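Colleague: Handing you a structure now.
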């Protein structure tokens, strides 16, 4: 086996081209580690046994900080609601409603981010979207059996009504010439504000904090996440 649960063990760059060939099954589902190595962008080039970033050169070779050679699949859920005043009325800005989304503060770079993550071996991206949101944004709430049952029932409805926002290559500082991030972004909009209203969101162990953040054009988020939130604003015809 040439990969393990969260990453590929082979150092391909420092092997001879002959020894690199066919070591990892690219452009296909890799049964050896139950991981999908196909790309949303279509078939990518393999040169001397090493995958080539389909978006071009980045200035960095190797796998870098990413777990897999080639495409690294992720899921990014954007959970939104309308921002309301103390009377419960939706807030307007230049004739458009203002919305909020759930954001976490990352432990590594301390930036605000969507509560997403990498797809695990054997997991599909839709399972990843739900699992990462529950783990990072609901935290200890899921340890309380009474809350867990109520939350799961409400989240089931919300997740069933999710809308695809983005599918493809993600602009991420960890991308290299030979490893890159691809993501599926879904918007789960709580139009009435009642899905999570009875519960106080809580940060999971893997993040520093979690909060409802007002969407605005000048906000700084991790990687391409601000762009994804802008796509949601366009979909909702909301202020941004």
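Residue numbers (the working numbering): 1 to 240. All C-beta atoms, glycine included, are put in the ideal place defined by N, C-alpha and C. Just so we're clear, the structure is a prediction, and the values are computed from it rather than from any experiment.
For residue 63, is the classification buried or exposed, using 16 other Cβ atoms within 10 angstroms of its Cβ as the cut-off for buried?
Modeller: Per the 10 Å Cβ criterion, buried.
Colleague: Can you tell me whether DSSP reads residue 196 as helix, strand or coil?
Modeller: In this structure, residue 196 counts as coil in the three-state DSSP scheme.
Colleague: For a quick check, are the C-beta atoms of residue 236 and residue 100 less than 8 Å apart?
Modeller: The answer is no: Cβ separation not under 8 Å.
Colleague: Is it buried or exposed, residue 32, if we count other Cβ atoms within 10 angstroms and call 16 or more buried?
Modeller: Residue 32 comes out exposed.
Colleague: Rounding to the nearest angstrom, what Cα-Cα distance links residue 65 and residue 170 in this structure?
Modeller: Looking at the two C-alpha atoms, the distance is approximately 15 Å.
Colleague: Helix, strand or coil for residue 128 per DSSP?
Modeller: Three-state DSSP puts residue 128 in a helix.
Colleague: Between which two residues does the beta strand (DSSP E) harbouring residue 241 extend?
Modeller: Given a span of 1 to 240 for the chain in the structure shown, any question on residue 241 remains unanswerable.
Colleague: When the Cα of residue 186 is compared with those of 127, 55, 222 and 138, which residue comes out closest?
Modeller: Of 127, 55, 222 and 138, the residue nearest in Cα terms is 127.
Colleague: In chain order, which beta strand (DSSP E) runs of at least 3 residues are fully inside the region 86 to 168?
Modeller: Within the region 86 to 168, the complete beta strand (DSSP E) runs of at least 3 residues are 99 to 106.
Colleague: In angstroms with no decimal places, state the Cα-to-Cα distance between residue 233 and residue 45.
Modeller: Rounded to the nearest angstrom, the two C-alpha atoms are 35 Å apart.
Colleague: I believe residue 176 touches residue 58 by the beta-carbon criterion, under 8 Å. Please report the beta-carbon distance rounded to the nearest angstrom.
Modeller: About 5 Å; that satisfies the 8 Å criterion.
Colleague: Which residues does DSSP pair with residue 201 in a beta bridge?
Modeller: Answer by DSSP bridge pairing: none, since residue 201 is not bridged.
Colleague: Do residue 81 and residue 193 have their C-beta atoms within less than 8 Å of each other?
Modeller: Taking 8 Å as the Cβ cut-off, residue 81 and residue 193 qualify as a contacting pair.
Colleague: What residue does the beta strand (DSSP E) around residue 184 start on, and which one ends it?
Modeller: It spans 179 to 190 - the beta strand (DSSP E) in which residue 184 sits, taken as one unbroken run.
Colleague: In chain order, what residues of the same chain lie with their CB nearer than 7 Å to the CB of residue 159, ignoring the 5 residues before and after it?
Modeller: So the list reads 130 and 188, once near-sequence residues are dropped.
Colleague: For residue 137, I'd like the list of residues in its chain whose CB is within less than 6 Å of its CB, leaving aside the five on either flank, ordered along the chain.
Modeller: Only 102, 115, 201 and 210 meet the Cβ criterion.
Colleague: How close, in whole Å, do the beta carbons of residue 20 and residue 49 come, if the pair is a contact with beta carbons under 8 Å?
Modeller: Yes, residue 20 and residue 49 are in contact; Cβ-Cβ is about 3 Å, under 8 Å.
Colleague: Please go through the region 16 to 82 and give each complete beta strand (DSSP E) segment of 3 or more residues, from N-terminal end onward.
Modeller: Counting only runs of 3 or more, we get 70 to 82.
Colleague: Can you tell me whether residue 236 is helix, strand or coil according to DSSP?
Modeller: Note: residue 236 maps to helix in three-state DSSP.
Colleague: So residue 231 packs on residue 166, CB below 8 Å; how close in whole Å?
Modeller: Between residue 166 and residue 231 the Cβ distance is about 6 Å, and since that is below 8 Å, they are a contact.
Colleague: Is the distance from the Cβ of residue 98 to the Cβ of residue 239 below 8 Å?
Modeller: Result yes, Cβ atoms of residue 98 and residue 239 sit closer than 8 Å.
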